[in-house]
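Quick note on full-length UniProt numbering: the sequence shown kicks off at 1 and runs consecutively. What follows is a set of notes on a single structure, which appears directly below.
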Amino acid sequence: MKNLGLNSGCKVLLVNGPDVSHGEIVSLVEEISQVITDSGVIKVENSARISKGDHNTSTFDVILSGIIAPHNVIHDAKLLEIFLQIVKPAGRILMQELVIASDGNLRTEESFQTELKLSGLTNITGGEISLNDEQKVKISDQLGFQNFVVVEYEGLKPNFEIGSSASINLDNKTKTAAATVWKLSNTVDDDLIDSDQLLDEDDMKKPDPANLKVCGSIGKRKACKNCSCGLAEELEESLAKGEPVLFKQSSCGNCYLGDAFRCASCPYLGMPAFKPGEKVQLSNNQLQADV
1 MKNLGLNSGC KVLLVNGPDV SHGEIVSLVE EISQVITDSG VIKVENSARI
51 SKGDHNTSTF DVILSGIIAP HNVIHDAKLL EIFLQIVKPA GRILMQELVI
101 ASDGNLRTEE SFQTELKLSG LTNITGGEIS LNDEQKVKIS DQLGFQNFVV
151 VEYEGLKPNF EIGSSASINL DNKTKTAAAT VWKLSNTVDD DLIDSDQLLD
201 EDDMKKPDPA NLKVCGSIGK RKACKNCSCG LAEELEESLA KGEPVLFKQS
251 SCGNCYLGDA FRCASCPYLG MPAFKPGEKV QLSNNQLQAD V
């Protein structure tokens, strides 16, 4: 028996084709049992019936398939899927298969390699193995093929269970440290501004209440609603005395022409046109605050 890379305590599955001699199977099982000792386990399966077996997931350390002549196990996608289910993670699968050397009914070695790569096996290695004339004649007589070679390939199951999941970090961007623009530093030696120097003498003067009046400061002189500056009382007092409250002088020179020529804030709005220079007194109605 060639060195199959087995160790004591290994759990081994031996898979054979339908045309393998029973005597050769028994002989190989005895040789393997001596290597793996009593602490190991070896089971034998026919490639056509392995799908009906009761093997649990991730059971075997090594699977040996088609290593007994005539090496006619076809390692298709379905069989390789079963192998990957019952072998342990990082377990070995060693396969030998009869392939075509020239024209014929067998598949090529390239097709076999492609099947292995698509199955999910890793670290695939192998190639053609040599056969003596006696072995070639025996296979040719048994299967009826002439132009053939035997190849041996080995692969490993990925080191994880089929169907398992793992998180993937998609954030591959290099994170740069944020600039410490607003970080407070030692400001003991910085020049501080004296708040007393921000105000001068003019800023400290109290304003004249007469200058704070807003009512009647622009446009028609009338008190605002809820007047608090005293203009409302002033106007009422003037009206009570019968004094003319306001006489307006034209600033644009067009007031006498009529409303069509008067400004929007003109105090003469609504009054008829008058002669230039004529003294016009506004009526009391126009001087009343809008309430």
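Positions of the beta carbon are idealized from the N, C-alpha and C atoms, including for glycine. Values in this document were obtained by computation on a predicted structure and should not be read as measured data.
How is the alpha helix (DSSP H) around S119 delimited, first residue to last?
Element bounds for S119: 109 to 119.
Could you check where the alpha helix (DSSP H) with A77 kicks off and where it finishes?
Start and end: 77 to 86.
Does P272 pass the burial test, meaning 16 or more other C-beta atoms within 10 Å, or should it be called exposed?
Exposed, since its Cβ has fewer than 16 Cβ neighbours within 10 Å.
Three-state secondary structure (DSSP) at M95?
Of the three classes helix, strand and coil, the one that applies to M95 here is strand, per DSSP.
With 16 as the cutoff for other CB atoms within 10 Å, does L235 come out buried or exposed?
It counts as buried.
Taking one C-beta from the segment 69 to 86 and one from the segment 52 to 60 each time, how about it: are there three or more such pairs within less than 8 Å?
Yes: the two stretches touch, three or more of their Cβ pairs being nearer than 8 Å.
Quick one, which of I124, V62, Q135, N46 has its alpha-carbon nearest I32's?
Answer by Cα proximity: V62.
Less than 8 Å between the C-beta atoms of I68 and L28, yes or no?
Against a cut-off of 8 Å, the Cβ pair of L28 and I68 comes out as a contact.
Between the beta-carbon of S65 and the beta-carbon of I36, is there less than 8 Å?
Their beta carbons are not under 8 Å apart, which means S65 does not touch I36 by this criterion.
Starting from the Cα of K78, find the closest Cα among G40, E201, R49, D200 and give me that residue.
The candidate whose alpha carbon is nearest that of K78 is R49.
Rounded to the nearest angstrom, what separates G5 and S165 at their Cα positions?
Taking the straight line from one Cα to the other gives about 31 Å.
Report the residue from V137, Q96, F148, S140 whose alpha carbon sits nearest the alpha carbon of G127.
Considering only alpha carbons, the answer is Q96.
Locate the beta strand (DSSP E) running through K43, then write down its first and last residues.
Here the beta strand (DSSP E) through K43 covers 41 to 46.
Among all the DSSP beta bridges, which residues are the ones paired with G155?
Beta-bridge pairing links G155 to I93.
Within 10 angstroms of the Cβ of A223, are there 16 or more other Cβ atoms? Answer buried if so, exposed if not.
With 16 or more Cβ atoms within 10 Å of its Cβ, A223 is classed as buried.
On the three-state DSSP scale, how would you describe D208?
Of the three classes helix, strand and coil, the one that applies to D208 here is coil, per DSSP.
What are the start and end residues of the beta strand (DSSP E) that includes S65?
60 to 65 is the span of the beta strand (DSSP E), which, as asked, contains S65.
First and last residue of the beta strand (DSSP E) that includes I124?
Here the beta strand (DSSP E) through I124 covers 122 to 129.
Opposite L13 in the DSSP bridges: which residues?
DSSP, once it has assigned bridges, lists K43, I63 as partnering L13.
For Q142, collect the residues of the same chain with a Cβ closer than 7 Å to its Cβ; drop the 5 residues on either side in sequence, then sort them by chain order.
Result list for Q142: D19, P70, in chain order.
Which of the three DSSP states, helix, strand or coil, is assigned to F148?
Three-state result, F148: strand.
Which whole-angstrom value describes the C-beta separation of T122 and G155, a residue pair presumed to lie in contact below a C-beta threshold of 8 Å?
Indeed, because the Cβ distance is near 6 Å, the residues count as touching under 8 Å.
Between A90 and V149, is the Cβ-Cβ spacing less than 8 Å?
No, Cβ-Cβ distance for A90 and V149 is not below 8 Å.
Report the rounded CA-to-CA distance for D38 versus K157, giving the unit in angstroms.
Rounded to the nearest angstrom, the two C-alpha atoms are 25 Å apart.
Alpha carbon to alpha carbon, what distance is there between G17 and D133?
In a straight line, the C-alpha of D133 is about 22 Å away from that of G17.
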